[in-house]
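FYI, the numbering used here numbers position 229 of the sequence shown as 301, with every residue one higher than the one before it.
Each remark here refers to the structure printed beneath this line.
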Amino acid sequence: MTSVSIRTVHDTAGFAAVADYFSDVWQTPRSAPPLLPETLNSLAHAGGAVHAAYDGERLVGGCVAVFGPPAARAAYSLLAAAERGLGPRLKEAQRAWALGLGARTMRWTFDPLVGRNARFNLVKLGAEGTGYLVDFYGPMADGVNDGDESDRLEVTWDLTGTRRPFAGTTTGTTTDTTAAREAAREAAPVTHPAPDGGSLARRDPGDRYVWCRVPQDIVALRATDAERALGWRRAVREVFTKAFAEGFTATEMSRDGWYTLTRREDARMEEDARMEEDTP
Numbered sequence: 073m074t075s076v077s078i079r080t081v082h083d084t085a086g087f088a089a090v091a092d093y094f095s096d097v098w099q100t101p102r103s104a105p106p107l108l109p110e111t112l113n114s115l116a117h118a119g120g121a122v123h124a125a126y127d128g129e130r131l132v133g134g135c136v137a138v139f140g141p142p143a144a145r146a147a148y149s150l151l152a153a154a155e156r157g158l159g160p161r162l163k164e165a166q167r168a169w170a171l172g173l174g175a176r177t178m179r180w181t182f183d184p185l186v187g188r189n190a191r192f193n194l195v196k197l198g199a200e201g202t203g204y205l206v207d208f209y210g211p212m213a214d215g216v217n218d219g220d221e222s223d224r225l226e227v228t229w230d231l232t233g234t235r236r237p238f239a240g241t242t243t244g245t246t247t248d249t250t251a252a253r254e255a256a257r258e259a260a261p262v263t264h265p266a267p268d269g270g271s272l273a274r275r276d277p278g279d280r281y282v283w284c285r286v287p288q289d290i291v292a293l294r295a296t297d298a299e300r301a302l303g304w305r306r307a308v309r310e311v312f313t314k315a316f317a318e319g320f321t322a323t324e325m326s327r328d329g330w331y332t333l334t335r336r337e338d339a340r341m342e343e344d345a346r347m348e349e350d351t352p
């Protein structure tokens, strides 16, 4: 997609097109999108931003963000979706907009059982899972979430870049650290069984890390076996709520579907060490 452009939307036709795109992604009727065109218009008019990505004339992504309380210097991303490979560019457009208006962080929520989104947020962007919200939206009737409970993981993205992406890179000590962490995970005792009979969660004997696995494709599982998908939801919820109550945050997601949750003080020390490693 060499011709992709990203721009802010200001006209009613543009808001309608973004609303239609969200309807297609979340599998709702065009008459009942996740955000109505007039809602998008109002959010933009109130000082928020609707970004749209176009491949030529074809809309291939969109995202919506607003500001939080002024003292927080934070923005909040309401909704985002894009064709494969365009997510980082779309989030970078949001980041530039928010920084230009004085924000220093951005928050949003996503389904913690969707591993690919966790990897995008925690690994590619370098955001951190800072809160677990049980059944956040209540019952949802779209084609993606219908029949499940709407737990969400809240993430916080440091827009200033002081917390840079670190997992999944291929050079230097970062790779060694990631490999060592995965080896430690496999050696750690299992604390919870998974609905598929495997291991759901492991805990570091030193009590610095908790690891939790999610299913390979929760959206497909939800469509074929809603009861089993709900079992995963409640099992993962138990691990996350306990870990967050004990002061952990979600810091990584492996390619094979394992979250790493790190005690807050350890996460800060690790980030300081990574910054030192990256300094020439």
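A virtual CB, placed ideally from N, CA and C, is assigned to each residue, including glycine.
All of these numbers come straight from a predicted model, not from anything done at the bench.
In the three-state DSSP reduction, residue 152 falls in the strand class (E or B). Secondary structure of residue 230 (DSSP, three-state): strand.
Residue 123 sits buried, since 16 or more C-beta atoms from the chains shown fall within 10 Å of its C-beta. The residue among 318, 198, 278 and 270 with its C-alpha nearest the C-alpha of residue 304 is 270.
Closest option to residue 114, judged by alpha-carbon separation, among 83, 177 and 215: 83. Relative to residue 198, the option among 189, 273, 204 and 206 whose CA is nearest is 189. For the pair residue 289 and residue 191, the Cα-to-Cα distance works out to about 13 Å.
Note that the C-beta distance between residue 109 and residue 95 is not below 8 Å. For the beta strand (DSSP E) assignment, the uninterrupted runs of no fewer than 3 residues enclosed by the segment 260-329 are, from N- to C-terminal side, 262-265, 271-275, 281-285 and 320-325. Closest by C-alpha distance to residue 200, out of 286, 230, 261 and 174, is 230.
Here the alpha carbons of residue 182 and residue 148 stand approximately 13 Å from one another.
The Cβ neighbour count for residue 209, taken over all protein chains shown within 10 Å, is under 16; the residue is labelled exposed. The continuous beta strand (DSSP E) containing residue 79 extends over residues 76-80.
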